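Below is one structure, written out as structure tokens; comments come after it.
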Amino acid sequence: MPLKKVLLAIGNELKGDDSAGMLVGRLVRSMCGSSWKVYLAGTTPESYVFKIAKEKPDVLLIVDATIMGKPPGEYFLIPLEKVSEEIMLSTHRIPTKLIINILTESCKEIYFVGVQPKTLEFGPPSKEVVNACKRLARIICEDKYLEIKYI
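Sequential numbering of the sequence shown, starting at 13, is according to my numbering.
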């Protein structure tokens, strides 16, 4: 039986590269067929916690813009113990760390991918982040997300 995989896309689509998670989510939804269930959570990921918990996925992949001090568009797996309010870009109300803690009980594996933003100003995302999101979506669709480097 294939793995039940869920992608939780987080971000504010009005604020430049903060839309990275949402862009990846839309790309995965269109490119991967039904191999991934995608939740486009935007700035309210807390609204999806119980839906995800009820599904009990084998894999939960969370994608969000993350300030890591890296060049724009670089993306990394971030160890869950390092997901904190200090490193995370949080435009949503509930800290990502709390969402992860809640979902740990119902998800076999949880991974967090952060995409380094270039701009958080109102407007479209940067070219660097758009290109990175396209690469990242392909990696996810090919089930090679565990090959992403850890920060």
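Beta carbons: idealized from backbone N, C-alpha and C, even for Gly.
Small disclaimer: the values here were computed from a predicted structure and weren't measured.
Unbroken alpha helix (DSSP H) run spanning Phe-62, endpoints: 61 to 67
Residue environment, Lys-27, which counts as buried when at least 16 other CB atoms sit within 10 Å: buried
Beta-carbon proximity check, Val-95 vs Ile-64, cutoff 8 angstroms: no
Simplified DSSP assignment, three categories, for Thr-108: helix
When Trp-48, Arg-147, Leu-92, Gly-33 are compared against Pro-69, the one with the closest alpha-carbon: Trp-48
First through last residue of the beta strand (DSSP E) which encompasses Lys-49: 49 to 54
Rounded straight-line distance, which links the Cα of Asp-29 to that of Ser-138: 6 angstroms
Nearest residue (CA-CA) to Thr-116, options Leu-73, Ala-32, Val-141, Gly-135: Leu-73
For Pro-14 and Leu-89, the rounded distance between their alpha carbons: 23 angstroms
Close Cβ partners of Met-80 (< 7 angstroms) along its chain, the five nearest in sequence each way excluded: Phe-88, Ile-99, Gly-126, Gln-128, Ile-163
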